[in-house]
Amino acid sequence: MKSDQKRRSFLKKGLLGGLGFYGVSSGADSAGGVEYDAIPGFAGSAAKGKSVIDLKVDPIKQVKVALIGIGSRGTGHVSQFASLFPDKAAVVAVCDIQKERAEKGVSILEKKGQKATPYFGKIDSWKEMVKRDDIDLVVIATPWRDHVPMAVYAMQQGKHVVIEVPAAMTLAECWQLVDTAEETQRNCMMMENVCYGDEELWLLNMVQNNVFGTLTYAEAAYIHNLADALLDKNGYYEFWRLKENIAHDGNLYPMHGLGPVAQYLDILRGDRFEQIVSMSSLEASLSEKIKGLPGDHPYASFKGKINHGDMNTSLIKTNKGRMITLKHDVVTPRPYDRINALAGTHAFHQGYPSRLSLLDKGHDFLKEADYNEYKSKYKHPIWDKLKKEIELNGGHGGMDFVLVYRIIDCLNKGVPMDMDVYDAATWCSVIPLSEVSVSKGSSAVKFPDFTRGRWNEKRALGIMKPL
Numbered sequence: 008m009k010s011d012q013k014r015r016s017f018l019k020k021g022l023l024g025g026l027g028f029y030g031v032s033s034g035a036d037s038a039g040g041v042e043y044d045a046i047p048g049f050a051g052s053a054a055k056g057k058s059v060i061d062l063k064v065d066p067i068k069q070v071k072v073a074l075i076g077i078g079s080r081g082t083g084h085v086s087q088f089a090s091l092f093p094d095k096a097a098v099v100a101v102c103d104i105q106k107e108r109a110e111k112g113v114s115i116l117e118k119k120g121q122k123a124t125p126y127f128g129k130i131d132s133w134k135e136m137v138k139r140d141d142i143d144l145v146v147i148a149t150p151w152r153d154h155v156p157m158a159v160y161a162m163q164q165g166k167h168v169v170i171e172v173p174a175a176m177t178l179a180e181c182w183q184l185v186d187t188a189e190e191t192q193r194n195c196m197m198m199e200n201v202c203y204g205d206e207e208l209w210l211l212n213m214v215q216n217n218v219f220g221t222l223t224y225a226e227a228a229y230i231h232n233l234a235d236a237l238l239d240k241n242g243y244y245e246f247w248r249l250k251e252n253i254a255h256d257g258n259l260y261p262m263h264g265l266g267p268v269a270q271y272l273d274i275l276r277g278d279r280f281e282q283i284v285s286m287s288s289l290e291a292s293l294s295e296k297i298k299g300l301p302g303d304h305p306y307a308s309f310k311g312k313i314n315h316g317d318m319n320t321s322l323i324k325t326n327k328g329r330m331i332t333l334k335h336d337v338v339t340p341r342p343y344d345r346i347n348a349l350a351g352t353h354a355f356h357q358g359y360p361s362r363l364s365l366l367d368k369g370h371d372f373l374k375e376a377d378y379n380e381y382k383s384k385y386k387h388p389i390w391d392k393l394k395k396e397i398e399l400n401g402g403h404g405g406m407d408f409v410l411v412y413r414i415i416d417c418l419n420k421g422v423p424m425d426m427d428v429y430d431a432a433t434w435c436s437v438i439p440l441s442e443v444s445v446s447k448g449s450s451a452v453k454f455p456d457f458t459r460g461r462w463n464e465k466r467a468l469g470i471m472k473p474l
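Residue numbering for the sequence shown follows the numbering used here, beginning at 8 and increasing consecutively.
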């Protein structure tokens, strides 16, 4: 079909176009690392609008929602947003390049008593939808390379935007999101669901109640064996995620582990990421899996180079001297793990499984009774407030519903979102910066300041304010 050919062309251009932003010019090495002005897109441009830190908009009694991308994540989002109808939100439109997926979204909504218009079939069907004047919020759950063009256009049409992870893939794209949010004064938030996990909010609550003392380092990861999914003919549309692993070598998906850690450490709220050093192992798992594919598989005859090593490990140093170890592995048989480790002068936590040790409780992890005492005392209240809704709507143990609830609740009340465009840009900048570091022999690479100097202002996270 002609639309499919356009789609393939669009994805190809996105992949190849991204490469230009990742590289550094020859001779960019210097004593102590990479000359940062040699990284295209590093500095950004002069602000075209005012800061959207703590952006407040007029309360929206019932948020009118439109969704782009009704795949594995988008289908879940349809149900989650629909669950808030009619008191808080209404899904009025859905869009997907594939007709059957758009119609699937409409069918889900009909079962929940809602009517929505489907858009499909053309590469820019989503633009027709986003132009509607009865939409408040656009939800983007498409392949990664589509995120920024869609978000920028939606904000320019006066819409608030929430974007599935990662929000952006290059430094230029990160700045595009920041610049457009500032110009339009629209919310642009990355949908990092893990920041709403029961364990993660519990840790954040303990940090803010000084249980951990002075924080010194953290460990985070996205370790998830997706090798079969990457090569599934019925999985990611036109193998778009496999293509990312073939084209790039760095940390392609840092947000699930890094987002909560950034919140523990008050990143952009008193501290900031200063520099990153990244290295990758050799690549073996995907190559070996491809060799075993049946002859009719589209990648059975693939002979090219897979750039992404099986494991990428990065070290991030913050302005206050804290250290973060960050890992990315989506191809080996290692069990799922986000690590979620946090160290302070008074306490240490290790995830998977969750364990806690305290300075005044000996050298071992707490026994079950003591652990449960701390879990009960510092559990974030939103998990009790939404207990029935979480049980009914679920989504990764409930964190998906809490995320969607908070997005809509903030818009209902006209208060700042829990996370903003600066968080999205900063966390996503790990993707291109890690690739630059790997390509330059694991040289240290500095982070841009997307807040334009306001990162050290102490401000509370919305999720930690009274509900």
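We put the CB at the ideal spot given by N, CA and C, even for glycine.
Query                                                                                                                                                                          : Result
Quick check on DSSP: helix, strand or coil for P125?                                                                                                                           : strand
Which parts of the stretch 67-92 are runs of the alpha helix (DSSP H), unbroken and 4 residues or longer, counting only runs that do not cross its ends?                       : 79-89
Which partner residues does Y224 have in the DSSP bridge list?                                                                                                                 : M330, A350
Going along the chain, which unbroken runs of the alpha helix (DSSP H) with 4 or more residues stay wholly within the stretch 350-414?                                         : 375-385, 389-392, 394-400
Taking G311 as the reference, which of D303, H304, I297 has the closest Cα?                                                                                                    : I297
Residues in its own chain within less than 6 Å of F127 by CB, not counting five upstream and five downstream?                                                                  : D103, K106, A109
Leaving out the 5 sequence neighbours to the left and right, which residues in its chain are closer than 7 Å to N200 when beta-carbon positions are compared?                  : H403, M406, D407, L410
Once the 5 residues before and after N463 are set aside, which same chain residues still bring their CB inside 7 Å of it?                                                      : G277
If you follow the beta strand (DSSP E) that K111 is part of, which residue opens it and which one closes it?                                                                   : Here K111 belongs to no beta strand (DSSP E); instead the alpha helix (DSSP H) covers 106-118.
Give a yes or no on whether the C-beta atoms belonging to Q69 and A97 are separated by under 7 Å.                                                                              : yes
Per DSSP, what kind of secondary structure is F457 in: helix, strand or coil?                                                                                                  : coil
What's the C-alpha gap between G369 and S285?                                                                                                                                  : 35 Å
Could you tell me the alpha carbon to alpha carbon distance between L210 and Y271, rounded to whole angstroms?                                                                 : 8 Å
Alpha carbons only, please: which of R139, G48, S288 is nearest the one belonging to A123?                                                                                     : R139
Output the residue ranges of the alpha helix (DSSP H) runs that lie fully inside the stretch 257-312 and measure 4 residues or longer, sorted by chain position.               : 262-271, 292-298
So, is D425 buried or exposed, given that buried needs 16 or more other C-beta atoms within 10 angstroms?                                                                      : buried
Please classify K394 as buried or exposed, where buried requires at least 16 neighbouring CB atoms within 10 angstroms.                                                        : exposed
I need the boundaries of the alpha helix (DSSP H) containing D430, first residue and last residue.                                                                             : 428-435
Below 8 Å on the Cβ atoms is my contact criterion, and I expect D143 with H167 to pass it. Report the Cβ-Cβ distance as a whole number of Å.                                   : 6 Å
Below 7 Å between beta carbons: does that hold for G220 and G351?                                                                                                              : yes
Please state whether the Cβ-Cβ distance between G56 and E189 is less than 7 Å.                                                                                                 : yes
List in chain order: all unbroken beta strand (DSSP E) runs of 3+ residues lying wholly within the stretch 168-223.                                                            : 195-197
Do the CB positions of A451 and I346 come within less than 7 Å of each other?                                                                                                  : no
Let's test the definition: count the other Cβ atoms within 10 Å of the Cβ of E380 and tell me whether it reaches 16, buried, or not, exposed.                                  : exposed
Let me check one thing: in DSSP terms, what residues is I230 bridge-paired to?                                                                                                 : D336, D344
DSSP state of V445, grouped into three classes?                                                                                                                                : helix
Does V31 pass the burial test, meaning 16 or more other C-beta atoms within 10 Å, or should it be called exposed?                                                              : Residue confidence for V31 is low, a pLDDT of 39 falling below 50, so the modelled location carries little weight; the figure read from the coordinates is stated next. With 16 or more other Cβ atoms within 10 Å, it is buried.
Label D336 either buried or exposed according to how many other C-beta atoms from any shown protein chain fall within 10 Å of its C-beta, with 16 as the threshold for buried. : buried
Between V338 and A234, which are expected to be in contact by the criterion C-beta below 8 Å, what is the C-beta distance as a whole number of angstroms?                      : 5 Å
Restricting to Cα atoms, I'd like to know which of H315, L275, L293, E375 is closest to Y306.                                                                                  : L293
Classify L259: buried if its beta carbon has 16 or more other beta carbons within 10 angstroms, exposed otherwise.                                                             : buried
For K324, name the three-state secondary structure that DSSP assigns.                                                                                                          : strand
In chain order, what residues of the same chain have a beta carbon less than 6 Å from the beta carbon of Y378, not counting five sequence neighbours either side?              : L363
With a CB to CB cut of under 6 Å and the five nearest residues on each side skipped, what residues in its chain are close to L208?                                             : H387
Along the beta strand (DSSP E) that carries I147, what are the first and last residues, could you check?                                                                       : 144-147
What is the C-beta distance between I438 and M176, in whole angstroms, given that I count them as a contact (C-beta under 8 Å)?                                                : 6 Å
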